[in-house]
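Novice:
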Ligand code: GTP
Ligand code: SPV
Ligand code: MN
């Protein structure tokens, strides 16, 4: 497939370690993928679903212990610990190579090595980057073929260059105790052993497009971020693009695929999806910030996705989609998950592979982190700029998390550095997207805590530096929180489509069309500027959503101060200063 010596030599060196029986190059053709699907079905690795009701769709049940990213087993292996920083697990590279290659040794005996050449970003784009993943899992091949641009043409584009990211995935025994995801950013290499779960093994996604890419982005002066990208089309046809960083399972896919409420629809508003998870942002020739989505598909949370909450996502998963760890409805060989509708199947198999009757079972049928892998082009509202090699110009950056209280529905940062402060102080309740306890409030700066490939203190400095480079072209920065609750734990804000009302306020602010209330934490909306028409929300509730509770914020500032300590002398002075400003504002 290629004469590239760096590629050939690396593959040969890995073959000597893992010892595959066969080697298959993935050429990107539909015929090859179709024969792999057939083979995986024969081996019971995937199940072909009803070809009439879900054409081209498959179901996968993972090992019971392998359902989410393993953050405590994910390592950044840089020469020094300081380079990885206080928020990453660190291993010395030689130690890490010995450890994981020791586990990988001989693990392909009796198996086939699949070689996947892929591009993150449009192959034609100068922003894109190439990777090659070796895997022993057809499920991984099929997912990568949806999530990235895969095939022969990528090798042609690579030519004899040595500039590509090496990825090795070994399923091994799926032994939790020997599960490791190791990144060697200095060698542009990723090695993942003993897992089959998305973020641990689709090496183009979090491992490359965030951890390795963020490491490169600092050097090359751009940003690799855990962000959705969307365009709001106004009635006059003008489209404004924003990107938003929320932690895992906090609403990126849903916001990216937002369907406007009726009163907006009838005026002619549309929302276009450019990406739902990752953005690569660069300063364009015109000095503005431009974003591409390096992915080619969606790896989305299934539970809660319904024709009511996200009809766009439902349309996206209607064909050529892989479902992982959802319910198998045996009546008609389709799938189901909690929150899809109020009609769970009776004759079904749950995500664990056990018989399941949704009408009487007290246990859930789909895993809370069950997922769909669907081609981007299935999305009815995919932006026509999705494939634009230049990306889209960004007017606003939004940060958010899952917070029951304290953080208002929306506010605007005073300037770039304040915005970086706001991003660096995101905290969110933990979700099922990673292993560990649920619902624990944790700091997750820029939603990148699990994904930053170097010292996060330096990452903050890089953000400050990007603001200097952008100067007056810097997008405005906002904070949102869809998850505020009342005393009974009910959400105060309906969310989903109604989030467009908040986006409209954000865009109006970017265009300088409306004023805002100056508060100790930043600019908050005047109630009248949030369009609530066609919505059933009381002025009291809106008040609660837009309230800044000074006592709670004093506690928040205390927690930020505590959190910032871990960065020691790497914390940029600009952020220290922003914390001082917040503290002063709160006692004024
Ligand atoms: P990752 O793929 O893990 O990065 O997640 P994500 O950020 O794309 O999250 P996603 O959109 O899949 O949403 C995760 C969960 O949050 C789902 O259960 C949604 O139903 C819920 N959710 C999304 N948007 C909203 C909202 O506006 N309000 C409320 N209350 N819940 C929401
Ligand atoms: C996330 O956890 O943020 C995801 C899913 O988007 S994964 O690809 O597993 O990281
Ligand atoms: Mn994500």
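In the numbering used here, the protein residues as written are 963 to 1550.
The C-beta atom is built at its ideal place from N, Cα and C for all residues, glycine as well.
Note that this is a predicted model, so its numbers are computed, not measured.
#1: Residue 1103 and residue 1071: beta carbons closer than 9 Å?
#2: Restricting to Cα atoms, I'd like to know which of 1063, 1283, 1424, 1181 is closest to residue 1012.
#3: Just to confirm my understanding: we take residue 1536, look at its own chain, exclude 5 residues before and 5 after, and list those with CB closer than 6 Å. What are they?
#4: Do the segment 1150 to 1166 and the segment 1098 to 1117 touch if we need at least three Cβ pairs shorter than 8 Å?
#5: Roughly how many whole angstroms lie between the Cα atoms of residue 1087 and residue 1423?
#6: Since I believe residue 1235 is in contact with residue 1192 (beta carbons under 8 Å), could you give me their beta-carbon distance rounded to a whole number of angstroms?
#7: Within 10 angstroms of its Cβ, does residue 1312 collect 16 or more other Cβ (buried), or is it exposed?
#8: Could you check what DSSP says for residue 1411 in three-state terms: helix, strand or coil?
#9: Cβ-heavy atom distance between residue 1328 and the ligand SPV below 8 Å?
#10: Quick check on this structure: which residue in 1054, 1220, 1357 has the alpha carbon closest to the alpha carbon of residue 1267?
#11: Tell me, please, whether the segment 1035 to 1046 touches the segment 1213 to 1227 by the rule of three or more beta-carbon pairs shorter than 8 Å.
#12: Whose C-alpha, out of 966, 1048, 965, is nearest the C-alpha of residue 1532?
#13: From the DSSP output, in three-state form, read off residue 1193 for me.
#14: Closer than 8 Å to a non-hydrogen atom of the ligand GTP - does that hold for the CB of residue 1263?
#15: Out of 1308, 1375, 1545, 981, which has the shortest C-alpha to C-alpha gap to residue 1132?
#16: Buried or exposed: residue 1438, going by 16 or more other Cβ atoms within 10 Å of its Cβ?
#17: Alpha carbon to alpha carbon, how far is residue 1113 from residue 1434? Give it in angstroms, no decimals.
#18: Residue 1342 by DSSP, collapsed to three states: which one?
#19: Looking at residue 1258: is its Cβ nearer than 9 Å to the Cβ of residue 1338?
#20: Just verifying my parser: in three-state terms, what is the DSSP assignment at residue 1265?
#21: Is there contact here, the segment 1451 to 1462 with the segment 1479 to 1491, by at least three beta-carbon pairs under 8 Å?
#22: Could you check if residue 1064 is buried or exposed, using at least 16 other CB atoms within 10 Å of its CB as the buried criterion?
#23: With a 10 Å radius around its C-beta and 16 neighbouring C-beta atoms as the bar for buried, classify residue 1488 as buried or exposed.
#24: Whole angstroms is fine: what's the gap from residue 1436's alpha carbon to residue 1161's?
#25: Should residue 1529 go down as buried or exposed, given a rule of 16 or more other Cβ atoms within 10 Å for buried?
#26: Would you say the beta carbon of residue 1176 comes nearer than 8 Å to a heavy atom of the ligand MN?
#27: Applying the criterion that 16 or more other CB atoms from any shown protein chain within 10 Å of the CB defines a buried residue, is residue 1497 buried or exposed?
#28: Output the residue ranges of the alpha helix (DSSP H) runs that lie fully inside the segment 1074 to 1142 and measure 4 residues or longer, sorted by chain position.
#29: Per DSSP, which residues does residue 1022 bridge with? Please list them.
#30: Go to residue 1383, then tell me how far its alpha helix (DSSP H) extends in each direction, as first and last residue.
#31: According to DSSP, which residues form a beta bridge with residue 1361?
#32: In chain order, what residues of the same chain lie with their CB nearer than 6 Å to the CB of residue 986, ignoring the 5 residues before and after it?
#33: Counting C-beta neighbours from all protein chains within 10 Å, is the total for residue 1005 16 or more, i.e. buried, or is it exposed?
#34: What ranges does the beta strand (DSSP E) occupy inside the segment 1423 to 1491, keeping only unbroken runs of at least 3 residues that lie completely in it?
Specialist: So, from the listed chains and residues:
#1: Within the chain shown, residue 1103 is the residue found at index 141, counting from 1. Within the chain shown, residue 1071 is the residue found at index 109, counting from 1. No.
#2: Here residue 1012 is taken as the residue at index 50 of the chain shown, counted from 1. Of all alpha-carbon atoms in 1063, 1283, 1424, 1181, the one lying nearest the alpha-carbon of residue 1012 is that of 1283.
#3: Counting from one through the chain shown, the residue named residue 1536 turns up at place 574. If we look at residue 1536 and ignore the five residues flanking it on each side, its Cβ neighbours are 1379, 1426.
#4: yes
#5: Taking the first residue of the chain shown as 1, we reach residue 1087 at position 125. Taking the first residue of the chain shown as 1, we reach residue 1423 at position 461. Looking at the two C-alpha atoms, the distance is approximately 28 Å.
#6: For this step, residue 1192 is matched to residue 230 along the chain shown. For this step, residue 1235 is matched to residue 273 along the chain shown. Between residue 1235 and residue 1192 the Cβ distance is about 6 Å, and since that is below 8 Å, they are a contact.
#7: Looking up residue 1312 in the chain shown gives position 350. Label assigned to residue 1312: buried.
#8: Here residue 1411 refers to the residue found at position 449 of the chain shown. It is coil, neither helix nor strand.
#9: Residue mapping note: residue 1328 aligns to position 366 of the chain shown, counting from 1. Checking every heavy atom of the ligand SPV against the Cβ of residue 1328, none is found closer than 8 Å.
#10: Within the chain shown, numbered from 1, the residue matching residue 1267 stands at position 305. The residue with the shortest Cα to Cα distance from residue 1267 is 1220.
#11: no
#12: Residue mapping note: residue 1532 aligns to position 570 of the chain shown, counting from 1. Nearest option by C-alpha distance: 1048.
#13: The residue labelled residue 1193 in the question sits at position 231 within the chain shown. DSSP places residue 1193 in strand when its eight states are reduced to three.
#14: Residue mapping note: residue 1263 aligns to position 301 of the chain shown, counting from 1. Yes, since a heavy atom of the ligand GTP falls inside the 8 Å radius drawn around the Cβ of residue 1263.
#15: Stepping through the chain shown from its first residue, residue 1132 is reached at position 170. Out of 1308, 1375, 1545, 981, 981 has the C-alpha closest to the C-alpha of residue 1132.
#16: Sequence index remark: in the chain shown, residue 1438 carries index 476 (1-based). Under this definition residue 1438 is a buried residue.
#17: The residue given as residue 1434 occupies position 472 in the chain shown. The residue given as residue 1113 occupies position 151 in the chain shown. Roughly 41 Å separates the two Cα atoms.
#18: Position 380 of the chain shown, counted from the start, is the residue given in the question as residue 1342. In this structure, residue 1342 counts as coil in the three-state DSSP scheme.
#19: As a position in the chain shown, residue 1258 is number 296, starting the count at 1. As a position in the chain shown, residue 1338 is number 376, starting the count at 1. It is a contact, given that the beta carbons lie within the stated cut-off.
#20: Here residue 1265 is taken as the residue at index 303 of the chain shown, counted from 1. Here residue 1265 sits in coil by DSSP.
#21: no
#22: In the chain shown, counting from the first residue as 1, residue 1064 sits at position 102. Residue 1064 should be labelled exposed.
#23: Residue numbering aside, residue 1488 sits at position 526 when the chain shown is read from its first letter. Exposed, by the Cβ-count rule.
#24: If you number the chain shown from 1, residue 1436 lands on position 474. If you number the chain shown from 1, residue 1161 lands on position 199. Put simply, the backbone Cα of residue 1436 is about 31 Å away from that of residue 1161.
#25: Taking the chain shown and counting its residues from 1, the one referred to as residue 1529 is at position 567. Classification for residue 1529: buried.
#26: Position 214 of the chain shown, counted from the start, is the residue given in the question as residue 1176. No, since every heavy atom of the ligand MN falls outside the 8 Å radius drawn around the Cβ of residue 1176.
#27: Here residue 1497 refers to the residue found at position 535 when the chain shown is read from its first residue. Result: exposed.
#28: Every alpha helix (DSSP H) stretch that sits fully inside the segment 1074 to 1142 and reaches 4 residues is listed by chain position as 1100 to 1109, 1114 to 1120.
#29: Mapped onto the chain shown, residue 1022 falls at position 60. Paired residue(s): 1286.
#30: Start at 1 with the first residue of the chain shown, and residue 1383 comes out as number 421. Segment 1378 to 1386, the alpha helix (DSSP H) holding residue 1383.
#31: Position 399 of the chain shown, counted from the first residue, corresponds to residue 1361. Paired residues: 1207, 1441.
#32: As a first step, residue 986 is located in the chain shown; it is residue number 24 there, counting from the start. Counting only Cβ-Cβ distances below 6 Å, and skipping sequence neighbours, we find 1074, 1076.
#33: On the chain shown, residue 1005 is found 43 positions in, with the first residue counted as 1. Exposed is the call here.
#34: 1438 to 1442, 1479 to 1481, 1484 to 1486
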